[in-house]
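Sequential numbering of the sequence shown, starting at 6, is according to my numbering. Some notes on the structure that comes next.
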Amino acid sequence: MANIADAVRRKVANWSVVAVRKDGSQASKPDVLVTEEPLEIRVESPQQSAQPVAVTMRTPGHDFELAVGFLFTEGMVGRPADVKSVRYCQLPDSTEQQFNIVTVSLTKPFDEALSRRGMVTSASCGICGTSSIEQLAQNVSRIDSGIGPVVTAEILTSLPEIIRRAQPTFDRTGGLHAAGLVDSTGDAYCVREDIGRHNAVDKVIGKAVLDSRVP
6 MANIADAVRR KVANWSVVAV RKDGSQASKP DVLVTEEPLE IRVESPQQSA
56 QPVAVTMRTP GHDFELAVGF LFTEGMVGRP ADVKSVRYCQ LPDSTEQQFN
106 IVTVSLTKPF DEALSRRGMV TSASCGICGT SSIEQLAQNV SRIDSGIGPV
156 VTAEILTSLP EIIRRAQPTF DRTGGLHAAG LVDSTGDAYC VREDIGRHNA
206 VDKVIGKAVL DSRVP
């Protein structure tokens with residue numbers, strides 16, 4: 006989902022770094038670094054006002070997908086029809102952080118206990134806000150997919166290359182994670198980059214939800 010924020014919040018920044026050579030000498034040179042900014046995710050419903058549910062450190066871009074994917078994996082969104090709309094902050098006094106706050110409007114009430122967990126996720130933290138392994142396990146159900154498509158060994162071993170070809174920001178920086186959704190024939194439906202692996206996964210999931218590609 007393209008939006009104006011992609012042009013405002015940049016994924017990379019030009020920076021001057023000091024290179025240290027093997028002989029100990031140093032030299033300044035330009036480099037391109039991946040950016041990271043906080044994103045506050047809020048959720049609301051027709052019966053409930055907007056409430057913050059999480060703050061994550063992410064690489065700007067595809068923020069709507071990230072927010073929806075996060076809510077889906079946390080169980081606050083169960084199907085595409087649960088999402089009414091997604092928008093950036095529209096408060097007049099929050100211009101600086103306008104594109105660092107996303108509100109997801111749901112068509113159904115949400116569990117306010119989940120919003121009170123106050124999760125803060127960083128590039129090195131995937132389950133922050135979950136107080137115990139037992140609590141995490143309670144939220145995971147067994148998947149009985151039956152007989153699905155068979156993925157050949159050739160396709161499986163080619164997945165890193167398939168995803169790597171769809172990483173333009175990694176090409177510029179050499180330091181960025183990616184996740185992708187690839188079908189059994191090796192066709193990449195969606196690849197997303199982020200400084201946090203879990204964010205990249207949530208972006209891919211959010212894309213699938215917004216495109217009604219999940220059950």
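Note that CB positions come from ideal geometry on N, CA and C, so glycine has one too.
Straight-line Cα distance separating residue j from residue i
| i | j | result |
| --- | --- | --- |
| R14 | G151 | 43 Å |
| R197 | S33 | 32 Å |
| P165 | E159 | 12 Å |
| G83 | S30 | 56 Å |
| Q103 | D68 | 12 Å |
| T178 | D87 | 37 Å |
| D199 | L181 | 6 Å |
| S19 | K212 | The residue asked about is misnamed: residue 19 is Asn in this sequence, not Ser. In a straight line, the C-alpha of N19 is about 29 Å away from that of K212. |
| D176 | Y93 | 29 Å |
| G201 | V107 | 18 Å |
| P220 | Q95 | 32 Å |
| G153 | S54 | 41 Å |
Residue i: first and last residue of the uninterrupted alpha helix (DSSP H) it sits in
| i | result |
| --- | --- |
| N204 | R202 to L215 |
| V73 | D68 to T78 |
| L164 | A158 to R169 |
Contact check, residue i vs residue j, beta carbons under 8 Å
| i | j | result |
| --- | --- | --- |
| N105 | E42 | yes |
| V156 | S110 | no |
| V73 | V58 | no |
| I167 | A193 | yes |
| V209 | C195 | yes |
| R63 | L71 | yes |
| V37 | V23 | no |
Beta-carbon contacts of residue i that lie in its chain and below 6 Å, excluding the five residues immediately before and after
| i | result |
| --- | --- |
| R147 | none |
| D11 | Caution is warranted here: a pLDDT of 49 is assigned to D11, below 50, making its placement in the model unreliable, and the coordinate value is therefore given only provisionally. G66, listed in sequence order. |
| V25 | Q31 |
| S217 | P85 |
Run of the beta strand (DSSP E) containing residue i, from where it starts to where it stops
| i | result |
| --- | --- |
| D36 | Q31 to V39 |
| D199 | A193 to D199 |
| R177 | Per DSSP, R177 belongs to no beta strand (DSSP E); it is in the alpha helix (DSSP H), P173 to T178. |
| I148 | Taken as a continuous stretch (DSSP letters only), I148 belongs to no beta strand (DSSP E), as it is neither H nor E. |
| L186 | H182 to V187 |
| M81 | Per DSSP, M81 belongs to no beta strand (DSSP E) and is neither H nor E. |
| R63 | Q53 to R63 |
| V109 | I106 to L111 |
| A86 | No beta strand (DSSP E) contains A86, which DSSP labels as neither H nor E. |
| P43 | E42 to S50 |
Contacting residues, own chain, Cβ-Cβ under 7 Å from residue i (five flanking each side not counted)
| i | result |
| --- | --- |
| Q52 | P114 |
| D207 | L71, G74, F75 and T78 |
| S21 | S33 and P35 |
| G191 | I160, S163 and I167 |
Beta-carbon contacts of residue i that lie in its chain and below 8 Å, excluding the five residues immediately before and after
| i | result |
| --- | --- |
| L119 | V58, E79, G80 and M81 |
| S50 | S110, L111, T112, K113, P114 and F115 |
| K89 | S110, L111 and T112 |
| Q56 | R47, V48, E49, E117 and S120 |
inquiry  = Whether or not the segment 157-171 and the segment 183-192 are in contact is what I'm after, with contact meaning three or more pairs of Cβ atoms, one per stretch, closer than 8 Å; do they touch?
reply    = Contact holds between the segment 183-192 and the segment 157-171, because three or more Cβ pairs, one in each stretch, are under 8 Å apart.
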